[in-house]
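Report on the structure given below.
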Amino acid sequence: MLNGVNLNMLGRRDPTQYGGITIAELESRIYKWAREMELTVQCRQTNSEAEFIKWCHDAYDNTDGMVVNPAAWTHYAWSIHDALEPLKIPVVEVHLSNVDEREEWRRTSVISDVVAARFAGHGPDGYKMAMQYLKEHA
Ligand code: DQA
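Under the working numbering, think of the first position of the sequence shown as 4, with each following residue one higher.
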């Protein structure tokens, strides 16, 4: 479960887009859902694109499926596209906000052709939907 740039600031960002949840609260919800779904999950967040990419590389051998919210990187970071591309596991893209109904530049996802599914605009529940998807498809 990889969360990208600025998502550590949840709780202080625009509540109309992201609600009031903090990253710690989000992660503890994810761990609770994982227990209920009998999934083993590791949550990580970084503001470093290089670190995010390293974690994508690590997933190649060690992971059955991945949920990613690359945040703003989604819209321009072809480096993340290329890191995800070789993975043979299902990758699910999640966004808290409905990126398709926000500014024009948020409507582009450079990872759309390397993900198996996408959930946007469902708030934290989008992560649960992604986990459910992986439970069924990984
Ligand atoms: C986001 C949407 C992105 O456009 C934005 O840059 C984010 C968060 C979301 O979860 O809604 O930081 O990925």
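Where a beta carbon is used, it is the ideal one built from N, C-alpha and C, also for glycine.
Computed from a predicted structure; not experimentally measured.
Cβ-heavy atom distance, residue i to ligand 1, below 7 Å
| i | result |
| --- | --- |
| Ser-51 | no |
| Leu-10 | yes |
| Ala-120 | no |
Residue i versus residue j - alpha carbon distance
| i | j | result |
| --- | --- | --- |
| Asn-50 | Trp-81 | 16 Å |
| Leu-137 | Asp-67 | 8 Å |
| Gln-45 | Trp-108 | 30 Å |
| Asn-101 | Asp-64 | 32 Å |
| Lys-91 | Lys-57 | 16 Å |
| Met-134 | Asn-11 | 21 Å |
Beta-ladder partner(s) of residue i, from DSSP
| i | result |
| --- | --- |
| Leu-5 | Arg-47, Val-71 |
| Val-97 | Phe-122 |
Inter-residue CB distance, residue i and residue j (contact presumed, cutoff 8 Å)
| i | j | result |
| --- | --- | --- |
| Val-95 | Ala-75 | Not really, about 18 Å apart at Cβ, beyond 8 Å. |
Does the region 74-90 come into contact with the region 16-28, if we say contact requires no fewer than three beta-carbon pairs (one atom in each stretch) closer than 8 Å? no
Count the C-beta pairs between the region 126-135 and the region 22-38 that are closer than 8 Å, then say yes if the count reaches three, no if not. yes
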